[in-house]
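Working notes, beginning with the structure itself.
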């Protein structure tokens, strides 16, 4: 073998070029303007996007190089990826996540060295806030929950397709946020009912999404704080933690899983949907880098392996613990445990 090339390192160095190009195109609503197979030339982009000739040419070329646009005649059109996920109004629109990261986490990430040395979050102040979710800033709330919904809705679709919930009928979605998981699981399972359990102002957001989905008869909300409460609402045969446990440390997660065991009916299941680390802690990159993002955004959060979740579930009393793998932006698998039948 010859000497390795530093080209992969250049790819790491310039990763932010790709993101900021992508974020700028989303901000300009480029992909929404090209919905339905429409083609745009550089000259047309100048007019429609309000850009001079050179920037318009550079942006379209760069988006094509990233797999977001494709050449068609003398212009460019959306790829299938952009058409499906980057057109506003589409069911699985992903632009909310792009906008949130661009506006909320991109600049704090510039100070990641500070976070590594201090072990303190950079997007909020633990001295004045209980958590990153404790804010009265309506713009931040709208941005955050828009991002969570755009990441969660397709992840929930993948979960519904890959995780067998058997004859389960009622689910408690702990920290259910925008309601995406409850909505997708109810869409996939006729007669299935769900309760989103979250902070009062978050329940209002979830209720709005549920109503828009036409599922208010099957999905309800219950306001509460799972961090400070001594128990979770009971009487359910599924308790779901979707993209929740990575926000907290091991003692908090063990407490929540113990409470989930008590809340479940005999024979019920707990489902932990996350970007799972490999047991040897070498990847995969989406889970490991989400862990780094937890350093930026939380006090004790990190991404865990399914082996760690398995140990915590066993300590809580669950049996039949297993992992189901799938591919989605917010999770690469689910760890499932069963409460012993009466």
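Numbering (full-length UniProt numbering), first residue to last: 1 to 342.
Built from N, CA and C at the ideal position, the CB exists for glycine as well.
Whole-Å CB distance - residue i paired with residue j, under 8 Å assumed
i	j	result
residue 226	residue 175	6 Å
residue 263	residue 232	4 Å
residue 106	residue 143	That belief does not hold up - the Cβ atoms of residue 106 and residue 143 are roughly 13 Å apart, past 8 Å.
residue 76	residue 69	4 Å
residue 158	residue 280	Not quite, the Cβ-Cβ distance comes to about 25 Å (not below 8 Å), so this is no contact.
residue 194	residue 173	6 Å
residue 329	residue 151	5 Å
residue 25	residue 19	Contact flag wrong, Cβ pair sits at about 11 Å.
residue 64	residue 54	Going by Cβ atoms, the distance from residue 64 to residue 54 rounds to 16 Å, so no, they are not a contact pair.
residue 62	residue 21	5 Å
residue 183	residue 219	7 Å
residue 199	residue 223	7 Å
residue 74	residue 41	6 Å
residue 60	residue 45	6 Å
residue 237	residue 265	5 Å
residue 95	residue 86	6 Å
residue 49	residue 28	5 Å
residue 120	residue 126	7 Å
Own chain, CB closer than 7 Å to residue i, minus 5 neighbours either side, in chain order
i	result
residue 109	296
residue 207	221
residue 248	300, 301
residue 162	324, 326
residue 287	275, 276, 277, 303, 332
residue 185	156, 160, 171, 192, 194
residue 322	336
residue 318	261, 270, 337, 338, 339
residue 213	183
residue 34	40, 77, 78
residue 258	316
residue 341	266, 267
residue 320	337, 338
residue 37	77
residue 215	183, 186
residue 251	none
Residues that DSSP places opposite residue i in a beta bridge
i	result
residue 322	336
residue 249	Per DSSP, none; premise fails for residue 249.
residue 193	170
residue 222	197
residue 272	241, 335
residue 89	Bridge partners of residue 89: none, in fact.
residue 75	72
residue 231	Note: residue 231 sits in no beta bridge, so no partner.
residue 65	Beta-bridge pairing links residue 65 to no other residue.
residue 236	264
residue 305	277
6 Å Cβ shell around residue i - same chain, five flanking residues per side excluded
i	result
residue 309	272, 335
residue 23	98, 102
residue 82	31, 68
residue 141	none
residue 291	302, 303
residue 235	none
residue 196	173, 176, 179, 182, 206, 221
Residues of its chain near residue i, where Cβ-Cβ distance is below 8 Å and the 5 sequence neighbours each way are ignored
i	result
residue 305	276, 277, 278, 279, 281
residue 228	none
residue 254	312, 315, 316
residue 209	149, 178, 179, 180, 183
residue 52	46
residue 123	104, 105, 108, 132, 296, 297
Notebook entry, point to check: What are the start and end residues of each continuous alpha helix (DSSP H) run of 4 or more residues lying completely inside the stretch 1-61, in chain order?
Noted result: 7-13, 15-27, 30-33, 42-49
Notebook entry, point to check: What beta strand (DSSP E) runs, 3 residues minimum, are completely inside the stretch 94-182?
Noted result: 170-174
Next item on the list: Answer yes if the stretch 84-103 comes into contact with the stretch 2-15, meaning at least three C-beta pairs across the two stretches below 8 Å, and no otherwise.
Entry: no
Margin query: Taking 8 Å as the cut-off, does the stretch 265-281 touch the stretch 237-248 (at least 3 CB pairs, one atom from each stretch)?
Written below: yes
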